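Visitor: One structure coming up, written as structure tokens, with questions to follow.
Chains as they are written, first to last, in my numbering: chain G, 16 to 292; chain U, 17 to 350.
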């Protein structure tokens, strides 16, 4: 916790003070003009977002602003009505035919999800599997690793999140913070290019928040591309390369944390920050 | 309702107050030292227990001593080969229908939960129809089926047939019984399985999908094992019903346990009661065996769902004995 807010970073390029990425820079994740609605209710109303490899993006916004839906659209748990998402240059959930986009089959979508890690607010660990099997299941089921190799990897990852001694436990025997750390290890087991966090600490007791944030921070400093929806403003200031403020399904403003959190340009951002700080 | 808030509690306690609690008023000013709270005496419960025990003893005494039951004839019939043959038929029919019914139920439940409106409608209609028609009607209908359709053929629908079966050779009494019971069982199992699948948290489906687990794996390894926790007790209930429903196959001329007892009873009219007792005891044994299996299956699927597994009967008995001994020792000390 002693590292200074921004300089502790290793991976991101120095150009991160400029909010608009250079045209030539490689892109880890691109969200292009995404609209999503349920009936008459517009949840996402034209979201554009470009994230470079190794970048840590924190998404802030009031409840109901569409933050979680945006994450779920990125890994195609929800289909956007208009617009598309690509990860590492590959379209997610759709295929391009000339100028048209066609929906992919379930099998192809499932294969793509392996490249996108997802950490849920409520952990959603598999309660009938041990901690080790929770982490080892996906690499085996998707045919990437043999069972022994997957278990070996699972042990390494659990060590990394500080739970190397709990491999034989069942999820319900763990605290919320421990469960969320297992969920992070589970997401890492497929070696995803991007990891999405949907309010990873919102379901935790206050004294357990720190241990989960420490694991995420460790990932952030190791150069993994992260997109984090959270209400932890202090954490955002510490790890984010970019803060994106969303309200009413639109991006209100974005930029480095120092700018968005300390000198917000929009009234709505100021209003939100006043309430949560 | 103007009573003080403590009124409801004191009402429940008042009956025991006079005998149990008699601290003189002058001690209340003294500081209370920590000590074990004396459990509430419940004389009413002891009286009811005694009455019930007497009644149970009377029933048991009647069962043993009443000559009407002819226990010697019971002993004669209980392990007779004819009766055991009937028992084997009952077991075969039950086992086959239970498995086929469950498989059919799983398929129907998946169809009912699928995205296709046609599959949903077909599944719903099947369940509606088979749950509405009495099992005995289904069985007798199937029995007469071979008269309605002389041959059964595999081929292009409405087109030429590749293989043709002679219905009368295919439809043995056993096959009719198993098919009838399975069709009926599948309709009920479908609802049991569907309920189980719906009881699995939506977050589990999402987590499995987010990890990109293949669809078959999601169902077999993630969703279904969790659904089994609530499917098991309901399906066992169903299974016990099935064990007894097999007695209906007597009407399609299959000699199961009940059928054997029935036909022996008409040959030896004096032995009807002991023969019925033989059937009763065998059915009791079968359902007890199913219940024991149920306990251990449920215990197996409870892994991870509870922090500690429920104790086995042996563990429970041991813990109960230890508790009793501790209590006796405590009371001896007082």
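The beta-carbon is built from N, C-alpha and C at its ideal position, and this holds for glycine as well.
All of these numbers come straight from a predicted model, not from anything done at the bench.
Could you name the residues of the region 221-255 of chain G whose beta carbon sits closer than 8 Å to any beta carbon of chain U, in the order they occur along the chain?
Guide: Listed by position along the chain: nothing, the set is empty.
Visitor: Can you tell me which residues form a DSSP beta bridge with residue 53 of chain G?
Guide: DSSP output for residue 53 of chain G lists G:56 as bridge partner(s).
Visitor: Name the chain U residues whose beta carbon is nearer than 8 Å to that of residue 53 of chain G?
Guide: The contacting residues do not exist; residue 53 of chain G stays about 16 Å from chain U at best.
Visitor: Using the beta-carbon count (16 or more within 10 Å), is residue 123 of chain G buried or exposed?
Guide: By the neighbour-count rule (16 or more Cβ atoms within 10 Å), residue 123 of chain G is not buried but exposed.
Visitor: My output table needs one value for residue 129 of chain G: the three-state DSSP class, helix, strand or coil.
Guide: Residue 129 of chain G falls in the coil class under three-state DSSP.
Visitor: Between residue 95 of chain G and chain U, is there a C-beta pair that is closer than 8 Å?
Guide: Not one chain U Cβ lies under 8 Å of residue 95 of chain G.
Visitor: Which whole-angstrom value describes the C-beta separation of residue 135 of chain G and residue 213 of chain G, a residue pair presumed to lie in contact below a C-beta threshold of 8 Å?
Guide: With a Cβ gap of about 6 Å, residue 135 of chain G and residue 213 of chain G count as contacting.
Visitor: Output the residue ranges of the alpha helix (DSSP H) runs that lie fully inside the region 318-348 of chain U and measure 4 residues or longer, sorted by chain position.
Guide: You should have found no qualifying run.
Visitor: Taking residue 144 of chain G as part of the alpha helix (DSSP H), name the residues at either end of that continuous run.
Guide: Taken as a continuous stretch (DSSP letters only), residue 144 of chain G belongs to no alpha helix (DSSP H), as it is neither H nor E.
Visitor: Since residue 187 of chain G meets chain U, which of its residues come closer than 8 Å, beta carbon to beta carbon?
Guide: Simply 320, 321, 322 and 323.
Visitor: For residue 338 of chain U, count neighbouring C-beta atoms within 10 Å of its own C-beta (all shown protein chains included) and say buried if the count is 16 or more, exposed if not.
Guide: When all chains shown are included, residue 338 of chain U counts as exposed.
Visitor: Which chain G residues are close to residue 238 of chain U, counting only those with a beta carbon under 7 Å from its beta carbon?
Guide: Those are 141, listed as they occur along chain G.
Visitor: Where in the region 189-215 of chain U do unbroken runs of the alpha helix (DSSP H), each at least 4 residues long, occur, reported from the N-terminal end onward?
Guide: With a minimum length of 4 residues, the continuous alpha helix (DSSP H) runs that stay inside the region 189-215 of chain U are 189-214.
Visitor: Is there contact between the region 85-104 of chain U and the region 290-297 of chain U, where contact requires at least three CB pairs shorter than 8 Å?
Guide: Yes, the region 85-104 of chain U touches the region 290-297 of chain U.
Visitor: Note down, in chain order, each residue of its chain lying with its Cβ closer than 7 Å to the Cβ of residue 158 of chain U, except the 5 sequence neighbours on either side.
Guide: If we look at residue 158 of chain U and ignore the five residues flanking it on each side, its Cβ neighbours are 192, 195 and 196.
Visitor: Exposed or buried, which one is residue 115 of chain U when buried takes at least 16 other CB atoms within 10 Å?
Guide: Answer is exposed; the Cβ neighbour count stays below 16.
Visitor: Shorter than 8 Å from the beta carbon of residue 214 of chain U to some beta carbon of chain G?
Guide: Residue 214 of chain U does not count as touching chain G.
Visitor: For residue 122 of chain U and residue 62 of chain U, what's the separation of their Cα atoms in angstroms?
Guide: So the alpha carbons of these two residues sit roughly 48 Å apart.
Visitor: May I have the straight-line CA-CA distance separating residue 313 of chain U from residue 103 of chain U, to the nearest angstrom?
Guide: About 24 Å.
Visitor: Starting from the C-beta of residue 284 of chain U, find all residues in its chain whose C-beta is less than 8 Å away, skip the five residues before and the five after it, and write them out in chain order.
Guide: Counting only Cβ-Cβ distances below 8 Å, and skipping sequence neighbours, we find 291.
Visitor: Does any residue of chain G have a CB that is nearer than 8 Å to the CB of residue 203 of chain U?
Guide: Not one chain G Cβ lies under 8 Å of residue 203 of chain U.
Visitor: What ranges does the alpha helix (DSSP H) occupy inside the region 247-295 of chain U, keeping only unbroken runs of at least 4 residues that lie completely in it?
Guide: Runs of the alpha helix (DSSP H) inside the region 247-295 of chain U: 273-283.
Visitor: My output table needs one value for residue 285 of chain G: the three-state DSSP class, helix, strand or coil.
Guide: Helix.
Visitor: How many whole angstroms separate the CB atoms of residue 206 of chain U and residue 128 of chain U, which I take to be in contact at a CB cut-off of 8 Å?
Guide: Residue 206 of chain U to residue 128 of chain U, Cβ: 7 Å. Contact.
Visitor: Answer with buried or exposed for residue 246 of chain U, where buried requires no fewer than 16 other C-beta atoms within 10 angstroms of its C-beta.
Guide: Under this definition residue 246 of chain U is a buried residue.
Visitor: Residue 95 of chain U: which of U:268, U:232 and U:273 sits nearest, CA to CA?
Guide: Minimum Cα distance to residue 95 of chain U is reached at U:273.
Visitor: Expressed to the nearest angstrom, what Euclidean distance is found between the alpha-carbon atoms of residue 346 of chain U and residue 54 of chain U?
Guide: Each residue's alpha carbon lies about 11 Å from the other.
Visitor: If you draw a straight line from the alpha carbon of residue 334 of chain U to that of residue 148 of chain G, how long is it in whole angstroms?
Guide: Roughly 34 Å between the two C-alpha positions.
Visitor: Need the endpoints of the beta strand (DSSP E) that residue 301 of chain G sits in, please.
Guide: No answer is possible for residue 301 of chain G: it lies beyond the span of chain G, which begins at 16 and ends at 292.
Visitor: What does residue 260 of chain G pair with, by DSSP beta-bridge criteria?
Guide: Its beta-bridge partners are G:75 and G:268.
Visitor: So which residues of chain U does residue 125 of chain G contact, with C-beta pairs closer than 8 Å?
Guide: Ordered by position in chain U, the residues that pass the 8 Å Cβ test against residue 125 of chain G are 225, 228, 229, 230 and 231.
Visitor: Check each residue of the region 67-83 of chain G: if its Cβ is closer than 8 Å to any Cβ of chain U, include it; give the result in chain order.
Guide: If the cut-off is 8 Å between Cβ atoms, the region 67-83 of chain G has nothing near chain U.
Visitor: Could you work out which residue in U:59, U:79 and U:68 is closest to residue 289 of chain U when comparing CA atoms only?
Guide: For residue 289 of chain U, the nearest C-alpha among the options comes from U:79.
Visitor: What residues match up with residue 118 of chain G in a beta bridge as DSSP calls it?
Guide: According to DSSP, residue 118 of chain G bridges with G:109.
Visitor: Which class does residue 24 of chain G belong to by DSSP, given the choice of helix, strand or coil?
Guide: For residue 24 of chain G, the predicted model reports a pLDDT of 41, less than 50, meaning its position is unreliable; a value from the coordinates is still stated below. In this structure, residue 24 of chain G counts as coil in the three-state DSSP scheme.
Visitor: Can a CB atom of chain U be found closer than 8 Å to the CB of residue 121 of chain G?
Guide: So yes, residue 121 of chain G belongs to the interface.
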